[in-house]
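Q: My questions all concern the structure below.
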Amino acid sequence: MRCSGILMHITSLPGPYGVGTMGKEAFAFVDFLEKAGQSCWQILPLNPTGYGDSPYQSCSTFAGNHYLIDLDALVEEGLLKNEELKHIRWCDSDTKVNFGLQYHNRLKVLRLAYSRFTGGAEFDAFCAQNSSWLPDFALFMALKEKFGGKPWYQWDDDLKFREPNAIWEARQSLKDDIRFFCFVQYLFFRQWDALREYAHSKGIRIIGDVPIYVPYDSVEVWSSPELFQLDEKLDPVKVAGCPPDAFSADGQLWGNPLYNWDAMAADGFSWWIRRLAAAGALYDVVRMDHFRGLEAYWSVPYGDKTARNGEWFKGPGMAFVRAVKEALPKLDMIAEDLGFLTQEVLDLRDGSGYPGMKVLEFAFDSREPSNYLPHTYTSNTVVYTGTHDNMTMRQWFETSSPEAVQYARDYMNLSEREGLVWGVIRTAFSSVSDMCIIQMQDFLDLGGEARMNFPGTLSDSNWTWRAKDDIMTPALAGRILAMTKLYGRYCGEGK
Numbered sequence: 015m016r017c018s019g020i021l022m023h024i025t026s027l028p029g030p031y032g033v034g035t036m037g038k039e040a041f042a043f044v045d046f047l048e049k050a051g052q053s054c055w056q057i058l059p060l061n062p063t064g065y066g067d068s069p070y071q072s073c074s075t076f077a078g079n080h081y082l083i084d085l086d087a088l089v090e091e092g093l094l095k096n097e098e099l100k101h102i103r104w105c106d107s108d109t110k111v112n113f114g115l116q117y118h119n120r121l122k123v124l125r126l127a128y129s130r131f132t133g134g135a136e137f138d139a140f141c142a143q144n145s146s147w148l149p150d151f152a153l154f155m156a157l158k159e160k161f162g163g164k165p166w167y168q169w170d171d172d173l174k175f176r177e178p179n180a181i182w183e184a185r186q187s188l189k190d191d192i193r194f195f196c197f198v199q200y201l202f203f204r205q206w207d208a209l210r211e212y213a214h215s216k217g218i219r220i221i222g223d224v225p226i227y228v229p230y231d232s233v234e235v236w237s238s239p240e241l242f243q244l245d246e247k248l249d250p251v252k253v254a255g256c257p258p259d260a261f262s263a264d265g266q267l268w269g270n271p272l273y274n275w276d277a278m279a280a281d282g283f284s285w286w287i288r289r290l291a292a293a294g295a296l297y298d299v300v301r302m303d304h305f306r307g308l309e310a311y312w313s314v315p316y317g318d319k320t321a322r323n324g325e326w327f328k329g330p331g332m333a334f335v336r337a338v339k340e341a342l343p344k345l346d347m348i349a350e351d352l353g354f355l356t357q358e359v360l361d362l363r364d365g366s367g368y369p370g371m372k373v374l375e376f377a378f379d380s381r382e383p384s385n386y387l388p389h390t391y392t393s394n395t396v397v398y399t400g401t402h403d404n405m406t407m408r409q410w411f412e413t414s415s416p417e418a419v420q421y422a423r424d425y426m427n428l429s430e431r432e433g434l435v436w437g438v439i440r441t442a443f444s445s446v447s448d449m450c451i452i453q454m455q456d457f458l459d460l461g462g463e464a465r466m467n468f469p470g471t472l473s474d475s476n477w478t479w480r481a482k483d484d485i486m487t488p489a490l491a492g493r494i495l496a497m498t499k500l501y502g503r504y505c506g507e508g509k
């Protein structure tokens with residue numbers, strides 16, 4: 015079925031506490047999606063943000079990001095007081111997240127809420143239902159606090175190597191801190207479940223990302239080191255990245271420890287199946303980040319400063335796909351098949367049956383293959399103007415070569431009267447791709463100031479964009495709705 019949606023991460027929503035949350039603004043955005051005739055809301059990973067404030071570098075693949083917890087709801091429940099929130103400096107600008115302020119203030123406020131929390135059967139049930147990951151995560155966070163935020167591989171050796179007596183003693187001595195981090199997760203998932211249920215009541219499906227890799231300083235690597243390419247000291251042997259290409263002479267050095275795929279395959283990829291099952295419980299559709307890494311991955315010697323000296327190694331391929339499909343037959347997945355694509359990667363994607371991605375920004379650039387041009391699409395694809403890792407569409411027009419811009423204008427029959435960006439949106443909507451996802455920044459016709467992320471860089475511009483509080487206008491919803499109906503993507507009543 016043809017459908018469409020908007021890419022807008024929760025942190026980018028407006029709101030009073032410096033970052034978008036699962037509060038009333040998120041519910042209002044669901045209402046906007048419904049009025050605009052959209053049936054999908056795509057977001058970025060909901061896990062705690064990590065290195066560089068990236069949601070793709072999280073200390074846990076199962077936990078939720080406490081920055082997203084709505085504080086006003088805690089006021090309504092009597093766990094916080096308005097006057098306790100008003101004196102706190104949450105941001106420097108309403109259109110940009112200051113993650114440093116969030117880091118210093120959020121947990122302090124949540125600890126205050128915890129001091130008034132009495133527990134109960136619902137909390138106990140949540141802890142029991144999440145016992146496969148929550149105890150390790152809460153202990154990990156409590157230990158990080160104890161050691162002043164140091165990564166686990168710099169902790170005392172008995173804890174670094176998870177000696178049973180040391181782990182037991184830590185659980186006893188940090189019992190209240192552990193319970194606090196369980197409380198934080200209880201708040202997150204209770205609020206997320208309410209927001210997702212509301213979206214479903216409006217006919218909106220949630221599309222969420224699963225990053226292919228986890229960072230070195232994560233509870234997953236600490237608790238299951240045998241699943242990663244580590245040496246006897248638990249140092250990485252090789253790390254992840256991307257090879258040099260036309261966009262980056264040095265490639266991209268991500269630095270994540272690589273998986274020990276042989277060990278994972280030995281037990282039927284059970285770690286991955288648990289991870290994807292959890293993602294399927296969070297989201298309605300899972301977008302698998304860096305899908306090509308399942309066919310072959312770029313392996314860089316640990317300690318290298320660039321990705322230049324890496325080499326390709328074979329990934330788990332179709333054996334992984336078969337295991338996931340057998341264990342999770344109802345899981346809807348999108349393959350993020352961007353980057354350096356070989357025939358083997360294309361064969362894996364096609365063999366999986368998962369839809370791939372088409373990005374219009376890539377269609378008119380000579381450095382990318384021309385299969386991003388809409389006349390080459392098949393229906394089993396998801397078309398984007400651009401993703402969170404790309405320029406906004408306006409920025410693309412302002413910075414691309416005159417030849418590329420002219421090619422785009424000719425191909426898509428663009429005009430100033432319609433608006434260049436809206437002409438690209440029209441092209442995406444009219445394509446044969448079953449699903450069409452447009453960044454909110456493009457619907458708002460914003461420039462480079464609204465770009466979400468520039469891959470391979472560290473900057474206070476990455477991940478920080480926030481929308482103004484007046485964006486969700488009836489006029490914009492009406493224009494999107496008209497286009498959605500015109501191109502057969504409307505899934506509402508009385509189609």
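Each number in the numbering used here comes from the position in the sequence shown (counting from 1) with 14 added on. Every residue gets a Cβ at the ideal spot worked out from N, C-alpha and C, and that includes glycine.
1) Hey, residue 462 and residue 406 are a contact pair by Cβ (cut 8 Å); roughly how many whole angstroms apart?
2) Going by C-alpha to C-alpha distance, which of 412, 191 and 126 sits closest to residue 158?
3) At the level of alpha carbons, what is the spacing between residue 200 and residue 408?
4) Three-state secondary structure (DSSP) at residue 235?
5) Would you give the residue range spanned by the alpha helix (DSSP H) that residue 85 belongs to?
6) For the beta strand (DSSP E) containing residue 270, name the first residue and the last one.
7) Are the region 350–357 and the region 285–299 touching, with three or more C-beta to C-beta distances below 8 Å?
8) For the ligand FMN, any of its heavy atoms closer than 6 Å to the Cβ of residue 27?
9) By DSSP, does residue 504 sit in helix, in strand, or in coil?
10) Just to confirm the assignment, what range does the alpha helix (DSSP H) spanning residue 395 have?
11) Would you grab the beta carbon distance between residue 480 and residue 19 for me? Rounded to a whole angstrom, and I think it's under 8 Å.
12) Could you tell me the distance, in whole angstroms, from the CA atom of residue 342 to the CA atom of residue 292?
13) Can you confirm whether the region 171–190 touches the region 256–271 when touching is taken to mean that 3 or more C-beta pairs between the two stretches lie within less than 8 Å?
14) Please look up how many angstroms separate the CB atoms of residue 357 and residue 399, rounded, as I've assumed it's under 8 Å.
15) Measure the C-alpha to C-alpha separation of residue 288 and residue 168 and round it to an integer number of angstroms.
16) What residues in its chain sit with their C-beta under 7 Å from that of residue 331, if we drop five residues either side in the sequence?
17) Which whole runs of the alpha helix (DSSP H) in the region 329–396 are 4 residues long or more, in chain order?
18) Residue 148 and residue 73: beta carbons closer than 7 Å?
19) Which residues in the same chain as residue 337 place their Cβ atom closer than 6 Å to its Cβ, once the five residues preceding and following it in sequence are excluded?
20) Distance, Cα to Cα, residue 22 vs residue 403?
21) Quick check on the DSSP output: the alpha helix (DSSP H) that includes residue 143 runs from which residue to which?
22) To which residues does DSSP link residue 57 through a beta bridge?
23) How would you write the range of the alpha helix (DSSP H) that residue 190 sits in, first residue to last?
24) Whole angstroms is fine: what's the gap from residue 55's alpha carbon to residue 101's?
25) Can you tell me the Cα-Cα spacing of residue 397 and residue 227, whole angstroms?
26) Just verifying my parser: in three-state terms, what is the DSSP assignment at residue 243?
27) Name the one or two DSSP bridge partners that residue 223 has.
28) Between the alpha carbons of residue 164 and residue 156, how many angstroms are there, rounded?
29) Taking the alpha helix (DSSP H) that residue 49 falls in, what are its first and last residues?
30) At the level of alpha carbons, what is the spacing between residue 77 and residue 275?
A: To lay it out plainly:
1) Residue numbering aside, residue 462 sits at position 448 when the sequence shown is read from its first letter. Residue numbering aside, residue 406 sits at position 392 when the sequence shown is read from its first letter. Rounded to whole angstroms, the Cβ separation of residue 462 and residue 406 is 7 Å, and the two are in contact under 8 Å.
2) In the sequence shown, the residue the question calls residue 158 occupies position 144. Ranking 412, 191 and 126 by Cα distance to residue 158 puts 191 first.
3) Position 186 of the sequence shown, counted from the start, is the residue given in the question as residue 200. Position 394 of the sequence shown, counted from the start, is the residue given in the question as residue 408. Looking at the two C-alpha atoms, the distance is approximately 40 Å.
4) Working through the sequence shown from its first residue, we reach residue 235 at position 221. Three-state DSSP puts residue 235 in a helix.
5) Locating residue 85 in the sequence shown gives position 71, where the first residue counts as 1. Counting along the chain, the unbroken alpha helix (DSSP H) around residue 85 starts and ends at 85–90.
6) Along the sequence shown, one-based indexing puts residue 270 at 256. If you look at residue 270, you'll find it in the beta strand (DSSP E) that goes 266–271.
7) Verdict: no, contact absent.
8) Absence of the ligand FMN is noted for the structure shown, with no ligands found whatsoever.
9) Counting from 1 along the sequence shown, the entry for residue 504 is found at position 490. Of the three classes helix, strand and coil, the one that applies to residue 504 here is coil, per DSSP.
10) The sequence position of residue 395 within the sequence shown is 381, counting from 1. Per DSSP, residue 395 belongs to no alpha helix (DSSP H); it is in the beta strand (DSSP E), 395–398.
11) Taking the first residue of the sequence shown as position 1, residue 480 is located at position 466. Taking the first residue of the sequence shown as position 1, residue 19 is located at position 5. With a contact defined as Cβ atoms closer than 8 Å, residue 480 and residue 19 miss out at about 20 Å.
12) By 1-based counting over the sequence shown, the position of residue 342 is 328. By 1-based counting over the sequence shown, the position of residue 292 is 278. Between residue 342 and residue 292, the C-alpha separation is close to 11 Å.
13) Under the three-pair Cβ rule at 8 Å, the region 256–271 does not count as touching the region 171–190.
14) If you number the sequence shown from 1, residue 357 lands on position 343. If you number the sequence shown from 1, residue 399 lands on position 385. Rounded, the Cβ-Cβ distance is 27 Å, inconsistent with contact.
15) As a working note, residue 288 is residue 274 in the sequence shown. As a working note, residue 168 is residue 154 in the sequence shown. The straight-line gap from Cα to Cα measures roughly 28 Å.
16) Taking the first residue of the sequence shown as position 1, residue 331 is located at position 317. Around residue 331: 308, 309 and 362.
17) Listed in chain order, they are 332–341 and 357–366.
18) Residue numbering aside, residue 148 sits at position 134 when the sequence shown is read from its first letter. Residue numbering aside, residue 73 sits at position 59 when the sequence shown is read from its first letter. Residue 148 places its beta carbon 7 Å or farther from that of residue 73.
19) The sequence position of residue 337 within the sequence shown is 323, counting from 1. Within the same chain, residue 337 has close Cβ partners 282 and 283.
20) Within the sequence shown, residue 22 is the residue found at index 8, counting from 1. Within the sequence shown, residue 403 is the residue found at index 389, counting from 1. Between residue 22 and residue 403, the C-alpha separation is close to 13 Å.
21) Position 129 of the sequence shown, counting from 1, holds the residue named residue 143. Taken as a continuous stretch (DSSP letters only), the alpha helix (DSSP H) holding residue 143 covers 135–143.
22) To locate residue 57, count along the sequence shown from 1; it is residue 43. According to DSSP, which records beta bridges pairwise, residue 57 is partnered with nothing at all.
23) By 1-based counting over the sequence shown, the position of residue 190 is 176. Segment 189–215, the alpha helix (DSSP H) holding residue 190.
24) Numbered from its first residue, the sequence shown carries residue 55 at position 41. Numbered from its first residue, the sequence shown carries residue 101 at position 87. One alpha carbon belongs to residue 55, the other to residue 101, and they sit about 34 Å apart.
25) As a working note, residue 397 is residue 383 in the sequence shown. As a working note, residue 227 is residue 213 in the sequence shown. Taking the straight line from one Cα to the other gives about 24 Å.
26) Within the sequence shown, the letter at position 229 stands for residue 243. Coil.
27) Stepping through the sequence shown from its first residue, residue 223 is reached at position 209. 301, per the DSSP bridge assignment.
28) Position 150 of the sequence shown, counting from 1, holds the residue named residue 164. Position 142 of the sequence shown, counting from 1, holds the residue named residue 156. Using only the alpha carbons, I get a separation of about 11 Å.
29) Taking the sequence shown and counting its residues from 1, the one referred to as residue 49 is at position 35. Counting along the chain, the alpha helix (DSSP H) containing residue 49 begins and ends at 38–49.
30) Counted from its first residue, the sequence shown places residue 77 at position 63. Counted from its first residue, the sequence shown places residue 275 at position 261. Rounded to whole angstroms, residue 77 and residue 275 show a C-alpha spacing of 24 Å.
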